[in-house]
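Okay, so the sequence shown: first residue is 652 according to the numbering used here, each after it adds one. One structure is given below, encoded as structure tokens.
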Amino acid sequence: MRLIWEQLKRWRKPAQPQIAPEIDSRYCGLHDAVLSGWFNNSNGELHPGFAVGRQDIVVDFGCGAGGATQFCARQGARVIFIDSDESKISQIEQTLREAGNSNGQGLVHATLPLPLDEGCASRIIAQEVLEHVDAPEETLAELYRLGQPGALYLLSVPHQRSEHMQKDIAPAGHFAPPNHQHIFSEDAFAELVSRAGLEIISRHNFGFYWSFWMQLYWATQHAEGKPFSGATHDLIAPPYPALLSDWASVWQRLLQLPLGPEIKHRLDQLLPKSQIIVARKPSIGQ
Numbered sequence: 652m653r654l655i656w657e658q659l660k661r662w663r664k665p666a667q668p669q670i671a672p673e674i675d676s677r678y679c680g681l682h683d684a685v686l687s688g689w690f691n692n693s694n695g696e697l698h699p700g701f702a703v704g705r706q707d708i709v710v711d712f713g714c715g716a717g718g719a720t721q722f723c724a725r726q727g728a729r730v731i732f733i734d735s736d737e738s739k740i741s742q743i744e745q746t747l748r749e750a751g752n753s754n755g756q757g758l759v760h761a762t763l764p765l766p767l768d769e770g771c772a773s774r775i776i777a778q779e780v781l782e783h784v785d786a787p788e789e790t791l792a793e794l795y796r797l798g799q800p801g802a803l804y805l806l807s808v809p810h811q812r813s814e815h816m817q818k819d820i821a822p823a824g825h826f827a828p829p830n831h832q833h834i835f836s837e838d839a840f841a842e843l844v845s846r847a848g849l850e851i852i853s854r855h856n857f858g859f860y861w862s863f864w865m866q867l868y869w870a871t872q873h874a875e876g877k878p879f880s881g882a883t884h885d886l887i888a889p890p891y892p893a894l895l896s897d898w899a900s901v902w903q904r905l906l907q908l909p910l911g912p913e914i915k916h917r918l919d920q921l922l923p924k925s926q927i928i929v930a931r932k933p934s935i936g937q
């Protein structure tokens with residue numbers, strides 16, 4: 652009888668809430684990217700249609716935190732990674748050294764032309780760069796110069812739908828130098844690439860997770876009265892507001908459901924963060 656009474660007392664106690672582990676927004680974003688075909692170690696594709704191997708020389712222009720650089724270096728390619736921020740170049744160099752990888756060469760540079768030989772690279776990467784520069788046409792012309800005949804290009808800019816959605820909630824400085832000076836429609840982006848002399852192989856939309864993440868980020872910054880000054884990507888750093896961790900947790904749980912990847916794919920088309928073009932420099936004689 653005493654045993655039964657003890658059990659009844661335990662059952663009457665309120666259940667302790669189960670606290671889900673906090674999901675890092677960056678980890679969730681990486682998982683989301685992998686589901687879209689990014690960073691595919693099994694076939695060496697940084698992005699679908701953009702394979703990198705030991706035979707390649709890669710120029711990663713505007714390399715940022717270096718995710719693409721590190722992936723390409725792990726595939727055995729020689730990588731020349733370029734950014735105007737010396738601290739980012741130093742951090743990537745340190746990361747490569749710690750991994751025992753000697754395939755990278757960092758270059759701090761902010762003006763054109765770049766101090767590289769014509770036709771020096773078989774793979775050219777410029778992710779989320781063209782919206783920042785004063786003259787996107789001149790920048791693409793310089794990247795065209797660096798490519799060997801037949802070189803592949805992986806180019807991306809923010810998608811217009813995500814940008815226009817942020818227009819009314821992001822600080823005005825987010826759409827001014829050194830941040831986003833240009834908003835490209837899909838047609839304008841494709842025309843820019845074609846006018847540079849490149850042949851478009853494929854086009855992709857990606858990144859609903861990050862598009863909505865940015866809406867939440869601006870909302871939290873506004874609610875907390877945070878000042879905005881300088882480069883957006885330098886201001887967005889962990890620890891992130893709790894709301895963003897909650898969003899990462901919800902998205903991660905969705906991706907684990909059987910229909911999660913299909914829902915993600917549809918939302919990536921509805922409100923993508925980025926529009927991506929894989930292109931080729933024509934071979935000699937074309």
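Heads up, the beta-carbon is just placed ideally off N, CA and C, and yes, glycines get one too. In this text the structure is predicted, and so the values were computed from the model without any measurement.
query, result
"Beta-carbon contacts of His-757 that lie in its chain and below 7 Å, excluding the five residues immediately before and after", "For the sequence presented, residue 757 should be read as Gly rather than His. So the qualifying residues of the chain are Phe-732, Ile-740, Ile-743, Glu-744."
"Residue interval of the beta strand (DSSP E) (run including Ser-773)", "772-778"
"Contained alpha helix (DSSP H) runs [length at least 4] in the segment 865-903, N- to C-terminal order", "883-886"
"Cβ-based burial, Asn-692 [other Cβ within 10 Å; buried from 16]", "exposed"
"Own chain, CB closer than 8 Å to His-873, minus 5 neighbours either side, in chain order", "Ile-820"
"Val-710 - containing beta strand (DSSP E), residue span", "708-712"
"Test item: CB-CB of Glu-769 and Leu-797 under 8 Å", "yes"
"8 Å Cβ cutoff met for Glu-782 and Gln-817", "no"
"Contact check, Phe-857 vs Ile-927, beta carbons under 8 Å", "yes"
"Whole alpha helix (DSSP H) elements within the segment 811-855, 4-residue minimum", "811-818, 837-846"
"Residue range of the beta strand (DSSP E) that includes Asp-683", "No beta strand (DSSP E) holds Asp-683; the alpha helix (DSSP H) holding it covers 676-686."
"Terminal residues of the alpha helix (DSSP H) in which Ser-741 lies", "737-749"
"Rounded separation between Glu-657 and Ala-893 - CA only", "Since pLDDT at Glu-657 reaches only 44, below the 50 mark, its modelled position is unreliable, and no value is offered."
"Inter-residue spacing [alpha-carbon to alpha-carbon] between Trp-689 and Glu-875", "34 Å"
"Gln-903 and His-682 closer than 8 Å at C-beta", "yes"
"Residue of Gly-727, Gln-866, Ser-862, Arg-705 minimising C-alpha distance to Ala-750", "Gly-727"
"Proximity winner among Gly-713, Ala-719, Arg-748, relative to Glu-737 (alpha-carbon distances)", "Gly-713"
"Exposure of Ser-807, with buried meaning 16 or more beta-carbon neighbours within 10 Å", "buried"
"C-alpha distance - Ser-853 paired with Pro-699, whole-angstrom precision", "9 Å"
"Range covered by the beta strand (DSSP E) that runs through Gln-799", "798-809"
"Same chain, Cβ closer than 8 Å to Ala-870, neighbours up to 5 away in sequence not counted", "Ile-820, Leu-894"
"Contact belief for Pro-912 with Leu-921 at Cβ below 8 Å, rounded distance in angstroms", "About 15 Å separates the two Cβ atoms, so there is no contact after all."
"Rounded Cβ spacing between Gly-718 and Gly-704 (contact assumed at less than 8 Å)", "With 8 Å as the limit, Gly-718 and Gly-704 do not qualify as a contact, their Cβ atoms being about 18 Å apart."
"Whether Ala-772 touches Val-844 by CB criterion (8 Å)", "no"
"Range covered by the alpha helix (DSSP H) that runs through Glu-769", "Premise fails: Glu-769 is in no alpha helix (DSSP H) and is neither H nor E."
"Contact set for Phe-722: own chain, Cβ-Cβ below 6 Å, skip 5 residues either direction", "Phe-690, Leu-697"
"Outcome for Ser-676 when other beta-carbon atoms lying within 10 angstroms are tallied against a minimum of 16", "buried"
"Gln-706, buried or exposed, once every other Cβ within 10 Å from all chains shown has been counted against 16", "exposed"
"Ser-900 and Ile-674 closer than 8 Å at C-beta", "yes"
"Gly-755, buried or exposed, once every other Cβ within 10 Å from all chains shown has been counted against 16", "buried"
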